[in-house]
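The sequence shown begins at 64 in the working numbering and counts up by one.
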Amino acid sequence: MSAPPSLRDLYIDSSSAWAFVSPAVPQPAVPPEPSSSGTSYQWSTRPSHNSIFDLSPSLDLEPSGINVTNLLKALVASAVLQYSSTAIAMPWEVGKLLLQVQWVPRDAGEPEEPETLDDNDDTLSDSSNDDSYFTDPQATPHTAPRPTDEQGYVIRRSVLEEGTRPEFIIPVGSASGVWDMMKRIGRFRGEGYMALWKGLLTSCITEILSSTVQPLVHNFLQSLFFPSMSPFHQPPLILPVASHLFTGFLLSPLDLIRTRLIVQSYTSRHRSYTGPLDALSQILRDEGGLKGIYFHPHLFIPAIIDNALRPIVSLAFPAMLAGRLGIQLSEETNPWAWGFMELGGSCLGLLISLPFETIRRRLQVQVRGTAKPLKGCVELRPAPYNGIVDAFWHILTEERSDLPIKRTRKRRASQSSLKGKERAEQVDNEDIGENQRWSRHTGIGQLYRGLGMRLGASVIVFCLAFFSVEEGDGGWAEI
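What follows is the structure, encoded as structure tokens:
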């Protein structure tokens with residue numbers, strides 16, 4: 064008796080379900096050879112899914128039929144797509160990063176003008192002084208000379224002082240948000256609109272390597288520690304967290320280079336690095352080599368904390384929030400409600416992760432070893448921070464959050480007129496009202512620069528996932 068024919072050869076792919084093929088001529092059944100091991104089965108091997116091949120459906124995935132031309136076209140199309148998406152988001156990233164590293168001291172205000180003898184009426188009315196009779200009322204009041212340093216330059220007394228501010232630094236406190244900073248960069252003489260795409264190539268390379276290395280590390284860890292796990296089971300949280308942590312640590316030098324390329328001045332005369340390769344060579348030469356760029360405490364500890372918090376926030380917070388509310392949800396059973404939980408979890412997670420990201424950017428812009436200080440396009444703290452705790456404490460205690468800073472010019476009131484006295488009292492009342500604002504005396508707002516932009520991005524991701532669920536897809540989340 065012959066064995067029943069296998070149905071595996073009769074399978075038709077859904078993409079070619081309407082292809083009509085002439086019926087094959089039936090062949091005489093050949094009795095199978097007897098085997099001592101029983102019935103044998105043949106398993107067809109299918110290649111794993113690769114998003115690059117989706118860009119070129121004409122690619123033949125069989126090893127003997129790969130079209131090199133179509134493969135190169137697909138790779139180029141994928142690179143162009145990644146570069147374009149990074150270029151679209153780059154201006155907002157530049158504005159956010161410059162707001163994070165900008166140093167806004169609490170005593171930032173208009174410098175006090177030197178005392179001058181401008182009350183001519185009282186001088187002329189004093190009959191006891193003989194020299195006052197020969198005083199010229201129209202003479203310019205004499206001011207004391209400004210103090211200078213060892214090289215003869217005038218000492219800068221305030222970050223808001225226009226006369227001593229370097230030409231490559233954007234005025235401090237002139238932008239309150241990411242959009243304001245973007246407009247300020249475009250209109251500033253030393254930067255321009257092309258400066259909104261500083262570090263674009265480095266950012267694109269970092270995104271491509273991160274999206275490629277992280278799945279490979281995740282699959283390797285899963286095959287190493289959980290080899291018998293079914294693909295239908297949810298892997299433990301430690302696997303994605305560890306894969307993102309290892310990938311972020313591996314690519315941390317690129318993130319350091321990207322931050323410094325964005326913060327440095329766009330003017331060629333004050334530029335510290337000409338490109339990513341020059342930045343890498345200078346950092347390796349002057350700041351301790353590979354050991355310094357990876358394991359310096361000011362770079363290693365913030366990188367570990369930042370790259371570990373992001374996947375924990377994105378993966379663990381939705382389930383924790385649903386459990387706190389007493390709701391049993393999953394992405395498969397109720398994708399819409401799960402999307403709301405992801406949105407709420409991402410918003411709450413930003414309150415925890417964003418201060419550590421800000422501190423990491425502050426520590427990245429300060430140089431170490433024999434390197435020259437970075438000439439940033441925004442005001443940077445002249446004294447370096449000594450670590451995460453020191454940076455957190457000084458941001459809270461020595462900076463202010465009421466941006467933009469209102470610049471008011473105080474007029475010298477003449478004591479001989481009542482109108483001058485009223486103006487002086489009005490200026491004093493405005494200063495008192497401004498000093499009573501709580502944001503004037505705390506730097507907590509400096510730790511959350513770019514929060515509105517990140518919340519808006521989370522809402523956009525939620526809307527895209529919502530419409531994709533309506534179309535029948537499974538939804539997606541961004542880490």
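In this text, a Cβ means the ideal position worked out from N, Cα and C, and glycines have one as well.
Cut-off 7 Å between Cβ atoms - residues of its own chain near residue i, not counting five sequence neighbours on either side
{"i": "Cys526", "result": "none"}
{"i": "Ile375", "result": "Val304"}
{"i": "Arg424", "result": "Leu160, Gln163, Val164 and Thr322"}
{"i": "Ile523", "result": "none"}
{"i": "Val280", "result": "Ser306, Phe309 and Thr310"}
{"i": "Met244", "result": "Gly158, Leu161, Leu162 and Ala238"}
{"i": "His457", "result": "Tyr448"}
{"i": "Val143", "result": "none"}
{"i": "Gly508", "result": "Ser464 and Ser502"}
{"i": "Met292", "result": "Gln285 and Pro298"}
{"i": "Tyr336", "result": "Arg323, Leu324, Gln327, Ala342 and Gln345"}
Beta-carbon proximity of residue i to residue j, cut-off 8 Å
{"i": "Ile422", "j": "Phe455", "result": "yes"}
{"i": "Gly249", "j": "Tyr256", "result": "yes"}
{"i": "Asp465", "j": "Arg503", "result": "yes"}
{"i": "Phe231", "j": "His361", "result": "no"}
{"i": "Lys246", "j": "Met516", "result": "no"}
{"i": "Ser344", "j": "Thr310", "result": "no"}
{"i": "Asp551", "j": "Phe419", "result": "One cannot answer for residue 551 here, as it falls past the ends of the chain, which runs 64 to 542."}
{"i": "Ala366", "j": "Ser306", "result": "no"}
{"i": "Gly236", "j": "Pro467", "result": "yes"}
{"i": "Trp155", "j": "Val241", "result": "yes"}
{"i": "Arg387", "j": "Arg169", "result": "no"}
{"i": "Leu510", "j": "Cys410", "result": "no"}
{"i": "Leu324", "j": "Thr265", "result": "yes"}
{"i": "Leu459", "j": "Trp166", "result": "no"}
{"i": "Asp349", "j": "Ala434", "result": "yes"}
{"i": "Gly351", "j": "Arg252", "result": "no"}
{"i": "Glu270", "j": "Thr149", "result": "yes"}
{"i": "Phe380", "j": "Gly412", "result": "yes"}
{"i": "Leu378", "j": "Leu300", "result": "yes"}
{"i": "Ser521", "j": "Leu372", "result": "no"}
{"i": "Pro298", "j": "Phe289", "result": "yes"}
{"i": "Ile451", "j": "Ile390", "result": "no"}
Run of the alpha helix (DSSP H) containing residue i, from where it starts to where it stops
{"i": "Gln429", "result": "That residue, Gln429, is in no alpha helix (DSSP H); it is neither H nor E in DSSP."}
{"i": "Gln509", "result": "Run containing Gln509: none; DSSP gives neither H nor E here."}
{"i": "Gly352", "result": "Gly352 to Phe358"}
{"i": "Met245", "result": "Val241 to Arg250"}
{"i": "Ser273", "result": "Leu263 to Phe288"}
{"i": "Thr310", "result": "Ile301 to Leu313"}
{"i": "Leu340", "result": "Pro339 to Asp349"}
Spatial neighbours of residue i in its chain, beta-carbon cut-off 6 Å, leaving aside the 5 residues before and after
{"i": "Gln427", "result": "Leu319 and Thr322"}
{"i": "Trp260", "result": "Met153"}
{"i": "Val441", "result": "Leu161, Gln165 and Ile233"}
{"i": "Gly408", "result": "Phe380, Pro381 and Leu384"}
{"i": "Gly355", "result": "none"}
{"i": "Thr330", "result": "Phe231 and Gly253"}
Bridge partners - residue i, DSSP secondary structure assignment
{"i": "Pro168", "result": "Glu462"}
{"i": "Gly253", "result": "Answer is none; Gly253 lacks a bridge partner."}
{"i": "Gly439", "result": "Gln327"}
Close-in-space but distant-in-sequence residues of the same chain around residue i (CB under 8 Å, 5 per side omitted)
{"i": "Arg228", "result": "Arg219, Val222 and Pro234"}
{"i": "Leu353", "result": "Leu347"}
{"i": "Pro447", "result": "Gln429"}
{"i": "Glu461", "result": "Pro168, Arg169 and Gly506"}
{"i": "Arg500", "result": "Asp465"}
Cβ separation of residue i and residue j, assumed to be a contact under 8 Å, to the nearest whole Å
{"i": "Gly439", "j": "Val326", "result": "5 Å"}
{"i": "Cys267", "j": "Gln145", "result": "6 Å"}
{"i": "Leu514", "j": "Leu437", "result": "That pair is no contact at about 25 Å."}
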